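Each remark here refers to the structure printed beneath this line.
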Amino acid sequence: MNRASGLVIKDLNKSFGDVHVVKDLNLTVEPGEFLVLLGPSGCGKTTALRMIAGLEEIDSGSISLGEKDVTNMLPKYRDVAMVFQSYALYPHKNVAENIGFPLKVRGVEPEARDAAVRDAAQQVQMEDLLHRYPRQLSGGQRQRVALARAIVRSPSVFLMDEPLSNLDAQLRGYMRAELKHMQQEMGVTTIYVTHDQIEAMTLAHRVAIMNDGRLQQVGTPNQVYSDPINLFVAGFMGAPPMNFIEGGLNSGKFISGDIELSLVGDQEPGPVVLGFRPEDTALVAAGTGLFDATIYTVEHTGEQTLVTIQVARKQLAVKMPKDFEASTNSTVGVQFDPSAGYFFDQSDGARIRTCRLQAGT
Amino acid sequence: MKNERSLMTQLFEPPAIGKMAPATKIVVYTVLLSWTAFVLFPIYWIIITSFKSAVDVNRGPFFVPWVDFTPSLHAWKELFVFDWKDTLQAYFNSIIIALSATLLCVGIGSMAAYALARVEYKPKFGSIVIFVLSMVGAFLGVGYLGMDWRLSLAVALAVFFFLVKALSKHFKASVGNGDILFWMISQRILPPIVVVVPIYMMFQSVHLLDTHIAIILTYTVINLPIAVWLMYDFFVSIPKDLEESAQLDGATRLMTFWEIVLPLSRPGLAATTLLVMILSWNEYLFALFLSTSRAQTMPILVAAMNAGERGILWWSMSVVIVVMIIPVILMALLLQSFISKGVLLGAVKG
Amino acid sequence: MAPSGDSETPIRPGGVSPAGSPSDRSIRVRVSEWLDYRHGTIFIMPAVVMILIFSIFPLAASLIIAFSRIRLRAGGYQVRFVGFKNFAKQIFGSEQFHFLGAFKGISVLGWVFATVLISLVLWWFFRWMRVRFNVLGFVGRLFLVAIAIGLILMIAATVLSGTRFGTLGTTLFYVFAGCSVQFVIGLGLAFLCSQPIRGKTFFRVVFFVPLMITPIGIGYAFRMMADTTKGPFSPVWQWAGLGDFAWAADAWTARIFIVIGDSWQWIPFIFVVLLAGLENVSRDQLEAAEVDGAGRWQIFREITWPQIAPVAATVMLIRVIEAFKIVDLPNIMTSGGPGIATESMSLHALFAWRSLDLGQSAAIAYLLLFVTVVMCVSFFNLVVLDRVRNT
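Protein chains in written order, with our numbering: chain H, 4 to 364; chain W, 267 to 616; chain S, 44 to 434.
So, in structure tokens, the structure goes:
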């Protein structure tokens, strides 16, 4: 039963006392889309989610679900289902009763209810544990019950508040895949809040990155990763994060300390930040790269080598193949493709697209 | 596009989550404020009665000072100027007794509760039976054979120790911590009237009637179940690691209890102290039986205002009641900063 | 720990090495070690000893008194063993009207009442037998059924048949009627206070105040307030035409008056505990239920109530235990009157003591203890444990 609706959020604002937690949020979610709200703690993503659910009052702005304006509607009328970070299972009800609760409050007949409960339990592989109580379940099992409770109503929208954060790493990976598969099968519009960029990258159709109450960038995982709109997004996505070197643009060159790189395109002189990703970078013989650096540490992880280099008292990360060797404090050259270099305005963090590195220095 | 909300919806449905519908608000506040009036009115009546002259009290109800009647300090003067010795003595007695009984009760109760929470007891059932039988023997000796109670008790204890030493190998069944805890807490079921006469006789035989110590000991015991119950629930919820770490560092049990466990239990201690103090401060029956003149407490003073032939001195009585509330409020204010709402719940999870 | 002492005194872990002669140290250390070794006994002994001396011993002594007749003779007491005479007097003998009530045959209403309730009790008993039979439970429940039938008959034959019941009936009235009212109001207030209202702290504080006032003070205060000529409500009584109505002269209005005073005093206790319980229900669960579409009543019935039921059972057990002991209020407010209408069993025992019949007093006190224990153990087993077994 797919009744996927889209979601339109316009100029949403919310303050708690003096703290302005959500600032002018504008977002459109397509029907059937898996949208991830990503950001560090305190960025307002959970508050935004709760406003969509109707659990927080909106200071200004509007939210529409499909054709309906739900801005002032009570949660029970919005036809959304939510999976809480703490799962919020009712401890005195068993699994079947927990899952069936949304149907029970709507007055669904017991037989129809049982069928729907069994169906939802099957989808999360909990059909054998219907008589257990939450305290008898593991974390992963509880999470699946919470999920089943959300599914059983076939709502228009799923809301999920960091549902995987209480699980251990291995289980998290497994549940991620399950979630993605399930969402694609059911085609329900899903809004998923997390601070974990891996989850965002792997699950989302589109990612909406928030910081300090403001939406930074919305786009496909690839877009926000390869084409960041500002310094924050560039630095947030990627592990290890993007390397940044501060310097200045002047007469066709990027200058920072001993580093001098030629540029093409229009440039306004001023302070900028040069960014490049660890995996786009290669270490070459000293003097043969874009600039030189000294080796700080070399860490072998088995599948690759993580090298920390030092440039003018700043430490940067480089990913090298697993057989790379170098001794501490030796000098190496840093090389990356011009298209892998990003420039950002130092004052407001905005991405500068008008210039880039010249090929072949 | 805003939703049209019918008048019914606007009145009876909450406008948003975390808020109440207007109709609900009216009902809720009406009920709560009515109950507030019900609670505060008797207190208000007592307070103004303490400022009324005898004539004003007897002539019919007057409600507002300076409007209905002229407030007078005569009752206050009676109690604090003319009869100040009696009043102050009762006050003094009450304070001494309540403080001592509370300290003793919470102290002994916490120790017992801590022991029950941490130490595993397994007294043999058979030993308990022998103890009971020896004591019954002692009673019968005193009651029906007219033996001196000291002799009887000594003999009974001797018999008990001897029999236990001899027979304990044969006893298998034992009672556990839960049973001991239940035994202690169930003492609260005893209606005071059941034990008051023997306790009276007991104190009489050691010439301790009308003393502070008699009432203090009695209050300690009647409130021990409460102290043990509340503190037990509290101690059980403290993680053992802290105590184990202290013991590894070489602390004795007593040191661990005093230095580590008690400071962590401040909310529980505060709640228990407040409760036991209120109960000891306000108790009447035992104080009535065990005191005659020197050890009389404030509740006795209240009852004394029912002067028989002269009728009830409502005005003076009200003064005493008012004056009794003040220290309780002070104690509550003092302790409430320690009490968190979680304490009470933990205590009655049962 | 800095080492101290001379080179000959070894440093003991966990303790500063005390100065002084070897024999000194070993005694002090040995004592503290012995105390620590025996800590299990030492911690619990004070409580055990005190309870034995001031609770168990008097209890036993009281039992002996209950089986005796005590006369004051020159130079002391004379104690004469009379067996169950004191008890028999209350149940079958000359004091029966005082304790159980006046029996003059059972009215129709009484028969109907008795039949209905006794059949319910028996139905409950046989249903249990069929479902979960075990010897201990059988004996316990049989005992309980016998007592229940006895009480039902007592009520049917007295109050419902035009006569009055005695102190046993009055005490049961105070306990059941009083505690039910107190529970409902206490829960209601707690529920309202847990809603999003303003002034929560104010209400919390104000509602707690009655617990701080001495019970006999409350008794006298209510007596003052209920006076139909001098009390604050006398204008209301006059206006309603009840100016001459002596509420203290009618058995049931007097009893209700006591229940009002008792409720004023004890509802705060129930309120405070239940409020704490309500506030401990996880907010996430309530929000989840809201999102799932449950209405306010559904949320209370399905989510909140099951989680506060254990707390409610415990607090009511405590309340019922205390309610059986009620003595100050009936004593002060009505002196047990009119006649014996408001006399609780505790007060009955107190009056018997005052008339120097110590044996009677102890016997009545023991009957009260018996009834209390039966009620509380049943409540505990049937309500509290049942709940624990089922969750």
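The C-beta atom is built at its ideal place from N, Cα and C for all residues, glycine as well.
On a predicted model such as this, the values are computed, not experimentally measured, just so you know.
(request) Answer yes or no: does any C-beta atom of chain W fall closer than 9 Å to that of S/Q225? (result) S/Q225 does not count as touching chain W.
(request) Would you identify the three-state DSSP class for H/V127, choosing helix, strand or coil? (result) In the three-state DSSP reduction, H/V127 falls in the coil class, being neither helix nor strand.
(message) Considering only their Cβ atoms, is the gap separating H/Q349 from H/P274 smaller than 9 Å?
(response) A contact, by the Cβ cut-off of 9 Å.
(request) Tell me whether the beta-carbon of H/K325 lies closer than 9 Å to the beta-carbon of H/E306. (result) Taking 9 Å as the Cβ cut-off, H/K325 and H/E306 qualify as a contacting pair.
(request) Since I believe W/Y380 is in contact with W/F523 (beta carbons under 8 Å), could you give me their beta-carbon distance rounded to a whole number of angstroms? (result) 6 Å between Cβ atoms; contact.
(request) Whole angstroms is fine: what's the gap from S/L425's alpha carbon to W/P593's? (result) Roughly 41 Å separates the two Cα atoms.
(message) With distance defined between alpha-carbon atoms, name the residue in S/F422, S/W340, S/T377, S/F140 nearest to H/V108.
(response) Of the candidates S/F422, S/W340, S/T377, S/F140, S/W340 places its Cα closest to the Cα of H/V108.
(request) Would you please state the rounded distance, in angstroms, between the beta carbons of S/R207 and S/A145? I believe it to be under 8 Å. (result) Confirmed, Cβ separation roughly 6 Å.
(request) Note down, in chain order, every chain S residue with its Cβ under 7 Å from the Cβ of W/Y380. (result) Correct list: F86.
(request) Measure the Cβ-Cβ separation of W/L298 and S/I240 and say whether it is below 9 Å. (result) Going by beta carbons, W/L298 and S/I240 fall inside the 9 Å limit.
(request) For chain H, find out if any of its Cβ atoms is closer than 9 Å to the Cβ of W/A282; answer yes or no. (result) True, the Cβ-Cβ gap to chain H drops below 9 Å.
(message) Quick test of the definition: if touching needs 3 or more C-beta pairs under 8 Å, does the stretch 563-571 of chain W touch the stretch 582-599 of chain W?
(response) Touching, yes, given that three or more Cβ pairs across the two stretches are closer than 8 Å.
(message) At 3 residues or longer, what runs of the beta strand (DSSP E) sit wholly inside the stretch 383-411 of chain W?
(response) Along the length of the stretch 383-411 of chain W, whole beta strand (DSSP E) runs at least 3 residues long do not occur.
(request) Look at the alpha carbon of S/F127 and the alpha carbon of S/H391, and state the distance between them as a whole number of angstroms. (result) So the two alpha carbons sit approximately 18 Å from each other.
(message) For a contact defined as C-beta to C-beta under 9 Å, what are the partners of W/G442 on chain S?
(response) Within 9 Å Cβ-Cβ: nothing; W/G442 doesn't reach chain S, min ~13 Å.
(request) Output yes or no for whether 9 Å exceeds the beta carbon distance between S/T20 and S/R298. (result) Because residue 20 of chain S is not part of the residues shown, which for chain S are 44 to 434, the question remains open.
(request) Report buried or exposed for H/Q125, applying the criterion of at least 16 other Cβ atoms within 10 angstroms of its Cβ. (result) Classification of H/Q125: exposed, given that the 10 Å Cβ count is below 16.
(message) Let's test the definition: count the other Cβ atoms within 10 Å of the Cβ of W/D350 and tell me whether it reaches 16, buried, or not, exposed.
(response) A small fix is needed here, since residue 350 of chain W is Trp in this sequence, not Asp. Taking every protein chain shown into account, the CB of W/W350 has fewer than 16 other CB atoms within 10 angstroms, so this residue is exposed.
(request) Mind checking the stretch 275-309 of chain W against chain H and listing, in chain order, the residues whose C-beta falls within less than 9 Å of any C-beta there? (result) Residues E279, P280, P281, A282, I283, G284, K285.
(request) At 8 Å on the CB atoms, spell out the chain H contacts of S/Q341, in chain order. (result) For S/Q341, the chain H residues whose C-beta falls within less than 8 Å of its own C-beta are V108, listed in chain order.
(message) Just verifying my parser: in three-state terms, what is the DSSP assignment at S/M197?
(response) Here S/M197 sits in helix by DSSP.
(message) Within 9 Å of any Cβ in chain H, is that where the Cβ of S/D79 sits?
(response) Chain H contact via Cβ: absent.
(message) Looking at chain H, is there any beta carbon in it that lies within less than 9 Å of the beta carbon of W/L273?
(response) Among the residues facing chain H, W/L273 is not included, as its CB has no counterpart in that chain under 9 Å away.
(request) Throw me the rounded Cβ distance for the S/L330 and H/K79 pair, which I believe falls under 8 Å. (result) According to the sequence as given, residue 330 of chain S is Glu; it is not Leu. With a contact defined as Cβ atoms closer than 8 Å, S/E330 and H/K79 miss out at about 11 Å.
(request) For the stretch 310-334 of chain S, enumerate the residues whose C-beta is nearer than 8 Å to any C-beta of chain H, in chain order. (result) Result list: S325, D327, Q328, E330, A331, A332, E333, V334.
(message) So with CB distances below 8 Å, who are the chain W contacts of H/G57?
(response) Listed along chain W are A282, I283, each with a C-beta nearer than 8 Å to that of H/G57.
(request) Go ahead and label S/D335 buried or exposed: buried means 16 or more other beta carbons lie within 10 angstroms of its beta carbon, across all protein chains shown. (result) Counting Cβ neighbours within 10 Å, S/D335 comes out buried, since at least 16 surround it.
(message) Could you check whether H/L293 and H/P243 sit closer than 9 Å to each other, using their CB atoms as the reference points?
(response) Going by C-beta atoms, H/P243 is not nearer than 9 Å to H/L293.
(request) Can you say whether S/S64 is buried or exposed, counting buried as having 16 or more other CB atoms within 10 angstroms of its CB? (result) Residue confidence is low: S/S64 scores 49 on pLDDT, short of 50, so the model does not pin down where it sits. Its coordinate-derived value is still stated next. Classification for S/S64: exposed.
(request) Can you tell me which of H/P113, H/E188, H/V227 puts its alpha carbon nearest to the alpha carbon of H/I201? (result) Closest by C-alpha distance to H/I201, out of H/P113, H/E188, H/V227, is H/V227.
(message) Quick check: what's the CA-CA separation for W/R416 versus S/V252?
(response) Near 47 Å, if we compare the C-alpha coordinates of S/V252 and W/R416.
(request) Using a cut-off of 9 Å between C-beta atoms, extract the partners of W/R519 located in chain S. (result) From the beta-carbon of W/R519, the residues of chain S found nearer than 9 Å are L78, D79, H82, G83, I85, F86.
(message) Do S/V417 and S/L160 have their beta-carbon atoms positioned less than 9 Å apart in this structure?
(response) Their beta carbons are not under 9 Å apart, which means S/L160 does not touch S/V417 by this criterion.
(request) Inspect the beta-carbon positions of H/R354 and H/P341 and report whether they are closer than 9 Å. (result) Taking 9 Å as the Cβ cut-off, H/R354 and H/P341 do not qualify as a contacting pair.
(message) Residues of chain S with CB closer than 9 Å to the CB of W/Y387, please, in chain order.
(response) Under the 9 Å cutoff, chain S gives G83, I87.
(message) Among H/V22, H/A151, H/F87, H/L10, whose alpha-carbon lies nearest the alpha-carbon of H/S67?
(response) Here the closest residue by C-alpha is H/L10.
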